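Structure first, commentary second.
Numbering (UniProt numbering), first residue to last: 1 to 114.
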């Protein structure tokens with residue numbers, strides 16, 4: 001399984017309606033793109049003060065690398081990105097993306113380096 005993590009800096013003036021529409025479009029991808037296993041997203045609520053301006057985020061789990069490869073160019077993904085563009089801050093670092101493999105958590109040390 002591949003976990004896809006996306007952190008976003010939304011415009012201060014972005015409406016809650018537009019942010020909700022963005023998350024709804026992203027959540028709908030689970031039904032329209034094969035291999036998406038789970039989606040979760042929302043506003044940052046960390047008390048640590050380390051968000052560096054990232055206001056919202058989501059995770060998406062893919063069955064495997066092929067599922068992620070199907071998702072990236074998929075037309076429904078491109079449509080969801082249009083919702084994101086409406087609310088994202090106008091800065092070069094408005095999105096941070098990171099993916100990593102998730103193995104069987106009962107037998108795999110998640111913090112392995114090799």
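For each residue, glycine too, the CB sits at the ideal point set by N, CA and C.
If you're wondering where the values come from, they're calculated on a predicted model, not measured in any experiment.
Around the beta carbon of residue 23, a 10 Å sphere encloses 16 or more other beta carbons of the protein chains shown; the residue is thus reported as buried. Taking 8 Å as the cut-off, the beta carbon of residue 19 is found no closer than this to the beta carbon of residue 59.
Under the DSSP assignment, residue 38 falls in the beta strand (DSSP E) whose first and last residues are 36-43. By the Cβ-count criterion, residue 78 is exposed, with fewer than 16 other Cβ atoms from all chains shown falling within 10 Å of its own Cβ. In the three-state scheme derived from DSSP, where H, G and I count as helix and E and B as strand, residue 70 is classed as helix.
Boundaries cannot be given for residue 93, as no beta strand (DSSP E) includes it and DSSP labels it neither H nor E.
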